[in-house]
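*Asks:* Submitted below is the structure of interest, expressed as structure tokens.
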Amino acid sequence: MRRSPRVRLCATAAVSTLSVALVTGCSGSGSGTGSGYGTRGRALNAAALDQLVIAEGELPGYEIRPTDPGTTAGDPPRSAQAACRPLLPLLAGTAPGTPAAQVSRTAAEKNGPETHATALDGLSEDETEDAVRRSMDRDVTVITLASYGGNGAHRALRSVSGAVRACADGFGGAGPGVRTFTAFTREHASDAGEESVAFAAEGGGSASGATGSPAGEGSAGGGSVHFQVVRHGGTLATYMTVNVGAMMARRTYTVPARVIGAQSAKLR
Numbered sequence: 032m033r034r035s036p037r038v039r040l041c042a043t044a045a046v047s048t049l050s051v052a053l054v055t056g057c058s059g060s061g062s063g064t065g066s067g068y069g070t071r072g073r074a075l076n077a078a079a080l081d082q083l084v085i086a087e088g089e090l091p092g093y094e095i096r097p098t099d100p101g102t103t104a105g106d107p108p109r110s111a112q113a114a115c116r117p118l119l120p121l122l123a124g125t126a127p128g129t130p131a132a133q134v135s136r137t138a139a140e141k142n143g144p145e146t147h148a149t150a151l152d153g154l155s156e157d158e159t160e161d162a163v164r165r166s167m168d169r170d171v172t173v174i175t176l177a178s179y180g181g182n183g184a185h186r187a188l189r190s191v192s193g194a195v196r197a198c199a200d201g202f203g204g205a206g207p208g209v210r211t212f213t214a215f216t217r218e219h220a221s222d223a224g225e226e227s228v229a230f231a232a233e234g235g236g237s238a239s240g241a242t243g244s245p246a247g248e249g250s251a252g253g254g255s256v257h258f259q260v261v262r263h264g265g266t267l268a269t270y271m272t273v274n275v276g277a278m279m280a281r282r283t284y285t286v287p288a289r290v291i292g293a294q295s296a297k298l299r
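What follows is the structure, encoded as structure tokens:
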């Protein structure tokens, strides 16, 4: 049956927003090579980080797979004021500052079979929207481990914390595919690691798309994305979580404590 524009927008919004955290690549390794296994100021290399990042089978109820952290659903504006710029790497799925090495994984919550187009036949518009929402109602978290020399991890985390305060009102940009962020709000951080910061980034869509609610009468890139950055010595664990179903239902969510706990356990 033919779907209304509202249902098509709903599905498009879900897929577009979810791609921030779902796009995977061939390698989980980031830039840099580092040297050594990193005690007392020496940075870990990518091979060492690969041994520390959470792996498939280590978190029941989640699928863990390699992630290409440089691919997102829309580029953040490069014209953001200087005080906001420490946030740009996180919004792109990479680590803040200048790490010696970084690796990344996607932890996707399992919630049963996905809803396929053929399963929507015969459903009303409201039933279709509800089915799409339920199929997207799962937490998807990009986990990035990054290693820094000296006190680089502390400086990088402090820069992020300061940027969240300085950019509470968000920032915008112009041009196709450039995302606008309307607010950055500090959230309660976990007690994992030695220090941490948590915040939500409220998205207002892209310059080339419509604005409105993330539930489909609206934005293809709106809604809140949630972040935590946790320092474990000279290593930062960065978490970026998206739950499109929660956005569509206007339900609050955050970075799952189970994901942070499982990753933190490997960094102790």
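Each residue of the sequence shown is one higher than the one before, counting from 32 in the numbering used here. Ideal placement from N, C-alpha and C gives every residue a C-beta, glycine not left out. Only a predicted model underlies this, so the values are computations on that prediction, with no experimental measurement involved.
Once you ignore the five residues that flank S66 on each side, which residues in its own chain have a CB closer than 8 Å to its CB?
*Replies:* Interpretation of S66 is limited by its pLDDT of 33, a score under 50 that renders its predicted location unreliable; the figure taken from the coordinates is listed afterwards. Closer than 8 Å at Cβ, skipping near neighbours: R73, A74, N76 and A131.
*Asks:* Mind checking who Y93 pairs with in its DSSP beta bridge?
*Replies:* According to DSSP, Y93 bridges with E140.
*Asks:* Residues in the same chain with beta-carbon distance under 8 Å from R299, minus the five sequence neighbours each way, listed in chain order, please.
*Replies:* Same-chain partners within the cutoff: H263.
*Asks:* Beta-carbon separation of S227 and A288 under 8 Å?
*Replies:* Result no, Cβ atoms of S227 and A288 do not sit closer than 8 Å.
*Asks:* By the DSSP assignment, the alpha helix (DSSP H) with V171 in it spans what residues?
*Replies:* Where V171 is concerned, there is no enclosing alpha helix (DSSP H), although the beta strand (DSSP E) it sits in stretches over V171 to S178.
*Asks:* Residues in the same chain with beta-carbon distance under 6 Å from V290, minus the five sequence neighbours each way, listed in chain order, please.
*Replies:* A138 and T172.
*Asks:* State the DSSP-derived secondary structure class of M271, mapped to helix, strand or coil.
*Replies:* It is a strand residue.
*Asks:* In whole angstroms, give me the CA-to-CA distance for S85 and Q294.
*Replies:* Note that residue 85 corresponds to Ile in the displayed sequence, not to Ser. About 6 Å.
*Asks:* I need the boundaries of the alpha helix (DSSP H) containing Q82, first residue and last residue.
*Replies:* Note, Q82: alpha helix (DSSP H), A77 to L83.
*Asks:* Quick check: what's the CA-CA separation for N274 versus A280?
*Replies:* About 10 Å.
*Asks:* Can you look up S192 in the DSSP assignment and give me helix, strand or coil?
*Replies:* Reduced to three states, the DSSP call for S192 is helix.
*Asks:* Under a Cβ-count criterion, where at least 16 other Cβ atoms within 10 Å of its own Cβ denotes burial, should G124 be classed as buried or exposed?
*Replies:* Label assigned to G124: buried.
*Asks:* Which class does H257 belong to by DSSP, given the choice of helix, strand or coil?
*Replies:* In this structure, H257 counts as strand in the three-state DSSP scheme.
*Asks:* Below 8 Å CB to CB, which residues in the same chain sit around R169 once its five sequence neighbours on both sides are set aside?
*Replies:* Only A139, E140, K141, N142, N274 and G276 meet the Cβ criterion.
*Asks:* For the alpha helix (DSSP H) that V322 lies in, which residues bound it at each end?
*Replies:* Lying outside 32 to 299, the shown extent of the chain, residue 322 is not represented and no answer is given.
*Asks:* Using only CA atoms, which one of L122, Q82 and P91 lies nearest to V256?
*Replies:* Cα-wise, what sits closest to V256 is L122.
*Asks:* Measuring alpha carbon to alpha carbon, tell me which residue in A126, G224, E218 and H185 is nearest A296.
*Replies:* Closest option to A296, Cα to Cα, is G224.
*Asks:* In terms of alpha-carbon separation, which member of A268, P127 and R217 lies closest to T285?
*Replies:* When each option's Cα is compared against that of T285, the closest is R217.
*Asks:* For Q82, count neighbouring C-beta atoms within 10 Å of its own C-beta (all shown protein chains included) and say buried if the count is 16 or more, exposed if not.
*Replies:* Burial call: exposed.
*Asks:* Looking only at its chain, what residues have a beta carbon closer than 6 Å to the beta carbon of M272, apart from the 5 residues adjacent to it on each side?
*Replies:* Checking the sequence shown, residue 272 turns out to be Thr, not Met. These residues qualify, in order along the chain: D170, T172, H257 and V286.
*Asks:* Roughly how many whole angstroms lie between the Cα atoms of L188 and A232?
*Replies:* Roughly 16 Å between the two C-alpha positions.
*Asks:* Spell out the partners DSSP gives A232 in its beta bridges.
*Replies:* According to DSSP, which records beta bridges pairwise, A232 is partnered with F215 and V256.
*Asks:* Would you report the Cα separation of A184 and Q259, rounded to the nearest angstrom?
*Replies:* One C-alpha to the other measures close to 14 Å.
*Asks:* Given a cut-off of 8 Å, decide if A177 and D200 are closer than it, judged by their beta-carbon atoms.
*Replies:* Contact flag unset, no.
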